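K.L.:
Attaching a single structure in structure tokens format; questions to follow.
Numbering (our numbering), first residue to last: 845 to 1155.
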């Protein structure tokens, strides 16, 4: 939840408490109690959805990254052995198919790496399998390759699923707040019936105090980062403490820039494209399910500058 949503929820809880504490006094109005019950349900929806929206899903990204690193290691070891075997047997076609470095593997997109792993499994013919131990390829690597290929295929969409689940939960918060506003409008009218009676005006006044939304406790503002980015360069904007609800505003000039969350340099989620003169506001949760740093990339041939406001 952002600060505005949290402040609104705090107000709802004050109204709920006011209606509960004064249930006997409000009993003379037959519509207040059933409307409060509907409001109670919306408050519960908001609280539960906010919990899902801000749930720490760092482990999903970390588990995927661990599986990827294990797969990269096994793929490199097996491919290196196949490449040497193929060259020794003048099989240039096979040698070229498995000729990639560790750096090549790290640069591959998730689906590309998984596809390469699938192809690599198909090159393990009985003849190649029999030859690989002689090229110092561990039996454990050969055995782990098909299993890790399947595990990684399963892990690829899990990070995206986590992002989408957070987005849906955030939408549930918005829907709960919208429904609560409608119920509050009804309750405001109901409680107004106590306003012009000297015996009940204090009840009306207490309700008005409960309906007031307190000032934003965060104090506003945020951390601001401004710097230039050379053509083709990628750099760290700032180290962050991940909270899905944290707002972030991007402003760029000079050229298009891209921003993403990362865990120790490994990009999480996807890149957010920002055009010059078109500020973009989002949240960490909308960008990725986890991260400990914010990075920027200049994909163009023109220098650019950015101003990023976090919080």
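Backbone N, C-alpha and C fix where the C-beta goes; we use that ideal spot for every residue, glycine too.
This structure is a prediction, so every number in the text was calculated from the model and none was measured.
Beta-carbon within less than 7 Å of residue 1076's beta-carbon, same chain only, minus the 5 sequence neighbours each way: which residues are those?
P.N.:
In the chain shown, the residue the question calls residue 1076 occupies position 232. These residues qualify, in order along the chain: 1142.
K.L.:
Go ahead and pull the three-state DSSP assignment for residue 1052.
P.N.:
Taking the first residue of the chain shown as 1, we reach residue 1052 at position 208. Residue 1052: helix per DSSP, three-state reduction.
K.L.:
For residue 928 and residue 1129, what's the separation of their Cα atoms in angstroms?
P.N.:
Walking along the chain shown from the start, residue 928 turns up at place 84. Walking along the chain shown from the start, residue 1129 turns up at place 285. Whole-angstrom Cα-Cα distance: 45 Å.
K.L.:
When the Cβ atoms of the segment 988 to 995 are set against those of the segment 960 to 973, are three or more pairs found closer than 8 Å?
P.N.:
Yes, they touch.
K.L.:
Would you call the segment 979 to 986 and the segment 941 to 958 touching, i.e. three or more CB-CB distances under 8 Å?
P.N.:
The segment 979 to 986 is not in contact with the segment 941 to 958.
K.L.:
So, is residue 977 buried or exposed, given that buried needs 16 or more other C-beta atoms within 10 angstroms?
P.N.:
Against the chain shown, residue 977 aligns to sequence position 133. With fewer than 16 other Cβ atoms within 10 Å, it is exposed.
K.L.:
So, residue 995 versus residue 911, is the Cβ gap smaller than 8 Å?
P.N.:
The count along the chain shown starts at 1 and reaches residue 995 at position 151. The count along the chain shown starts at 1 and reaches residue 911 at position 67. Yes, these two residues count as a Cβ contact at 8 Å.
K.L.:
Strictly under 8 Å for the Cβ-Cβ distance: is residue 1035 near chain C by that measure?
P.N.:
Note that chain C does not occur in the displayed structure, where there is just one protein chain.
K.L.:
Which residues in the same chain as residue 1080 place their Cβ atom closer than 6 Å to its Cβ, once the five residues preceding and following it in sequence are excluded?
P.N.:
What you label residue 1080 is simply residue 236 of the chain shown in a count that begins at 1. Result list for residue 1080: 1137, 1139, in chain order.
K.L.:
Looking only at DSSP bridge pairs, what is residue 1121 linked to?
P.N.:
Sequence index remark: in the chain shown, residue 1121 carries index 277 (1-based). Paired residues: none, contrary to the question.
K.L.:
Please classify residue 1095: is it buried, with 16 or more other beta-carbons within 10 angstroms of its beta-carbon, or exposed?
P.N.:
For the purposes of this step, residue 1095 is taken as the residue at position 251 of the chain shown. Buried, by the Cβ-count rule.
K.L.:
How about residue 1047 and residue 869: do their beta carbons lie closer than 8 Å?
P.N.:
Looking up residue 1047 in the chain shown gives position 203. Looking up residue 869 in the chain shown gives position 25. Yes, these two residues count as a Cβ contact at 8 Å.
K.L.:
Distance, Cα to Cα, residue 908 vs residue 880?
P.N.:
Counted from its first residue, the chain shown places residue 908 at position 64. Counted from its first residue, the chain shown places residue 880 at position 36. Their Cα atoms are separated by approximately 45 Å.
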